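Peer 1: Could you have a look at this structure, given as structure tokens, before my questions?
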Amino acid sequence: SQTVARGADGVVTVGGIPVTRLAEEFGTPAYILDETDFRARARAWRTAFGPEADVFYAGKAFLSRAVVRWLHEEGLNLDVCSGGELATALSAGMPADRIAFHGNNKSEDEIRRAVTAGVGRIVLDSFQEIVRVAHVARELGTRQRVQIRITVGVEAHTHEFIATAHEDQKFGIPLAGGQAAEAVRRALRLDGLELIGIHSHIGSQIFDMSGFEVAAHRVVGLLREIRDEHGVELPEIDLGGGLGIAYTSADDPREPHEIAKALTEIVTRECEAARLRTPRVSVEPGRAIVGPTAFTLYRVGTTKPLDGLRTYVSVDGGMSDNIRTALYDAEYSVALVSRSSDAEPVPARVVGKHCESGDIVVKDAFLPADLAPGDLIAVPATGAYCRSMASNYNHVPRPPVVAVRDGEARVIVRRETEEDLLRLDVG
Ligand code: LLP
Numbered sequence: 037s038q039t040v041a042r043g044a045d046g047v048v049t050v051g052g053i054p055v056t057r058l059a060e061e062f063g064t065p066a067y068i069l070d071e072t073d074f075r076a077r078a079r080a081w082r083t084a085f086g087p088e089a090d091v092f093y094a095g096k097a098f099l100s101r102a103v104v105r106w107l108h109e110e111g112l113n114l115d116v117c118s119g120g121e122l123a124t125a126l127s128a129g130m131p132a133d134r135i136a137f138h139g140n141n142k143s144e145d146e147i148r149r150a151v152t153a154g155v156g157r158i159v160l161d162s163f164q165e166i167v168r169v170a171h172v173a174r175e176l177g178t179r180q181r182v183q184i185r186i187t188v189g190v191e192a193h194t195h196e197f198i199a200t201a202h203e204d205q206k207f208g209i210p211l212a213g214g215q216a217a218e219a220v221r222r223a224l225r226l227d228g229l230e231l232i233g234i235h236s237h238i239g240s241q242i243f244d245m246s247g248f249e250v251a252a253h254r255v256v257g258l259l260r261e262i263r264d265e266h267g268v269e270l271p272e273i274d275l276g277g278g279l280g281i282a283y284t285s286a287d288d289p290r291e292p293h294e295i296a297k298a299l300t301e302i303v304t305r306e307c308e309a310a311r312l313r314t315p316r317v318s319v320e321p322g323r324a325i326v327g328p329t330a331f332t333l334y335r336v337g338t339t340k341p342l343d344g345l346r347t348y349v350s351v352d353g354g355m356s357d358n359i360r361t362a363l364y365d366a367e368y369s370v371a372l373v374s375r376s377s378d379a380e381p382v383p384a385r386v387v388g389k390h391c392e393s394g395d396i397v398v399k400d401a402f403l404p405a406d407l408a409p410g411d412l413i414a415v416p417a418t419g420a421y422c423r424s425m426a427s428n429y430n431h432v433p434r435p436p437v438v439a440v441r442d443g444e445a446r447v448i449v450r451r452e453t454e455e456d457l458l459r460l461d462v463g
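Next up, the structure:
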């Protein structure tokens, strides 16, 4: 659904606007976000899950006030995981009861702000937090709706998953050893809390649905234990996010309606087997909604052919606007977008301007042999976890996010300036 096309002159347009004009008007590097595509993907998720389920967009992937408004208009809910994300959501008018508040170490101040605002749910991540949230809610004279995040012993990554009894990581309360059952016991006892469900998030960039199957089986197993022990059927389960997108042509992601169908069937089947009322299901896709909707537009500064190896193409950004290649060995593609070229494609590596040899944006690519300083190149699928994980390494200001729609472009997050950086330096 992305509105990207290449004109007869070789110039790529997005939402009807040539990238050459975007570069002129907004400078480079810049994240160019296709609003039409974003809304279409958000709507596809919303429609696929229907009125019996909820879709919480995971704000950590990318959050700004414009994005919050689009989500609100398209009927999605929002998952936030810090006071900063909560403030952004509230300031853009997302109704608090459509916000879920996550995190493994929410501060008491953050908890107080969330409870005061009236967020729809707080996802409890530890025994201490169960007590902490209950205490704040009582103090504020209210009952907070909560879910408990459990770890089900499923590690899912891309095309594989591993199901074990234990999971060695910081999030959630282990199902193993009866810890999750004990957490439920405590939460049910505290009158500041209204326990509405169980939460599980198994990983990210997942294509294989069988990890969700094992997770759902184990979560429903806990719901059954809870019913047997307490006589309570919890009304909700959240299966988290983590659905994969295509970074390169090697990836073949599933459509939201296939995912919705698969997840709904799994939960229904498991609940029938356990003779439980089917709970309301929610999911938290971040990457799958925003990832494909943006590309990063860079200008080539230098090209350096190394004999028998490859050409190093230096751009005006780098690991400060996309840390994923350096951090996760993530794969991206790249294309020349400001003109056409008949030159032979040669092995190339797109690197940034930072003082670090690991500052790589696209590790293995082919770019035309005549690529030259001044050319514009674009790296697709940078909508998720790029601007949101951007840094100021080497005091490089962070790029803007430009939203494009129906032939119009507008800045939704402005470019940082050196003045912005200096303002924080008060020594
Ligand atoms: N829900 C929970 C509880 C999560 O922890 C996450 C992601 C999501 C939802 C959204 O996952 P998504 O659908 O976007 O995969 N920085 C890494 C990804 C970290 C994801 C952390 N949690 C990356 O750039 O690949």
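In this text, residue positions in the sequence shown follow full-length UniProt numbering: the first is 37, and each later residue adds one.
In this text, a Cβ means the ideal position worked out from N, Cα and C, and glycines have one as well.
If you're wondering where the values come from, they're calculated on a predicted model, not measured in any experiment.
(1) Count the other CB atoms within 10 Å of the CB of P383; is the residue buried (16 or more) or exposed (fewer)?
(2) Where does V40 sit, in a helix, a strand or coil, going by DSSP?
(3) Going along the chain, which unbroken runs of the beta strand (DSSP E) with 3 or more residues stay wholly within the segment 168-220?
(4) Would you kindly work out how many angstroms separate the C-alpha atoms of V462 and V319, rounded to a whole number?
(5) Going by C-alpha to C-alpha distance, which of I413, V373 and E294 sits closest to G46?
(6) Mind checking T453: buried by the 16 CB within 10 Å criterion, or exposed?
(7) Helix, strand or coil for Y364, going by three-state DSSP, please let me know.
(8) Just to confirm my understanding: we take A405, look at its own chain, exclude 5 residues before and 5 after, and list those with CB closer than 7 Å. What are they?
(9) Grab me the residues of D145's own chain with a C-beta within less than 8 Å of its C-beta, minus the 5 sequence neighbours each way, in chain order.
(10) With DSSP as the reference, please indicate the residues paired to Y67 in a beta bridge.
(11) Are the Cβ atoms of I186 and S236 separated by less than 8 Å?
(12) Near A84, what residues of its chain come up, given a Cβ to Cβ distance below 6 Å and the 5 sequence neighbours on each side ignored?
(13) Alpha carbon to alpha carbon, what distance is there between T361 and Y421?
(14) Suppose contacts are defined by Cβ-Cβ distances below 8 Å. Is R82 in contact with E110 by that definition?
(15) If we ignore side chains and look at the alpha-carbon of each, how far apart do A286 and A173 end up?
(16) For R222, collect the residues of the same chain with a Cβ closer than 6 Å to its Cβ; drop the 5 residues on either side in sequence, then sort them by chain order.
(17) Given that a residue counts as buried once 16 or more other Cβ atoms are within 10 Å of its Cβ, and exposed if not, what is S37?
Peer 2: On the basis of the data shown:
(1) exposed
(2) strand
(3) Runs of the beta strand (DSSP E) inside the segment 168-220: 180-187, 190-194 and 196-199.
(4) 43 Å
(5) V373
(6) exposed
(7) helix
(8) A379, E380 and V382
(9) G119
(10) T332 and V437
(11) yes
(12) P292, H293 and A296
(13) 11 Å
(14) yes
(15) 48 Å
(16) I166
(17) Because the pLDDT at S37 is just 45, under 50, the model does not fix this residue reliably, and the value given afterwards should be weighed accordingly. Counting of Cβ neighbours within 10 angstroms places S37 among the exposed residues, the total staying below 16.
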